[in-house]
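Below is one structure, written out as structure tokens; comments come after it.
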Amino acid sequence: MTNTIKSYIYSLPFKEDKVFINNLYLSCLLTFLSSITPKASDLERISKLKLASHRDVEIDELLSDSFTVDDVIVFHLDTKYRKYIYLLTKKVKHLIANDLSLILNDELGSESVLKSVLVRDIMDKGIAKEDEE
């Protein structure tokens, strides 16, 4: 995760100003970590939703809507960079999601995993047919 953030931030056109780029990196990292950590108020709402048997979709919507520009952590930078850090953090989230997706696809793409999924599916269908008869 940190390598993804670093490589993206260091590819930006601010290479001459090392202090600025390091502060930008730390701001994005802190903001990213803050954005994926649910707030106490959100956790309370989630537990209430679970008790009321709400769907997981509603809980996901609650968590996805909680990150705003006001939540950006500006580390030793002027507050005028708040929106910029917000956009960078959203881009970093997208990159990390793609990385995770590739990892999952690689794991699902292995031959042994595919065979076990197919065999399980075939067996489940066979058992279902036997139950119908």
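The sequence shown begins at 30 in the numbering used here and counts up one residue at a time.
Every residue gets a Cβ at the ideal spot worked out from N, C-alpha and C, and that includes glycine.
Where residue i falls: helix, strand or coil (DSSP)
i: S70; result: helix
i: D107; result: coil
i: D46; result: coil
i: V101; result: coil
i: A81; result: coil
i: D96; result: The amino acid at residue 96 is misidentified as Asp; the sequence shows Phe. Looking at F96 - three-state DSSP - the assignment turns out to be coil, as it is neither helix nor strand.
i: S40; result: coil
Whether residue i touches residue j by CB criterion (8 Å)
i: L106; j: Y37; result: no
i: Y113; j: V98; result: no
i: C57; j: V121; result: yes
i: T33; j: D128; result: yes
i: E35; j: Y54; result: It is worth fixing the name first, because residue 35 is Lys in this sequence and not Glu. Yes, the Cβ-Cβ distance between K35 and Y54 is below 8 Å.
Any non-hydrogen atom of the ligand MN closer than 7 Å to residue i Cβ
i: Y54; result: Ligands are entirely absent from the displayed structure, and the ligand MN is therefore not among its contents.
Q: Please determine if the region 60-68 and the region 36-46 are in contact, where contact requires at least 3 C-beta pairs separated by less than 8 Å.
A: no
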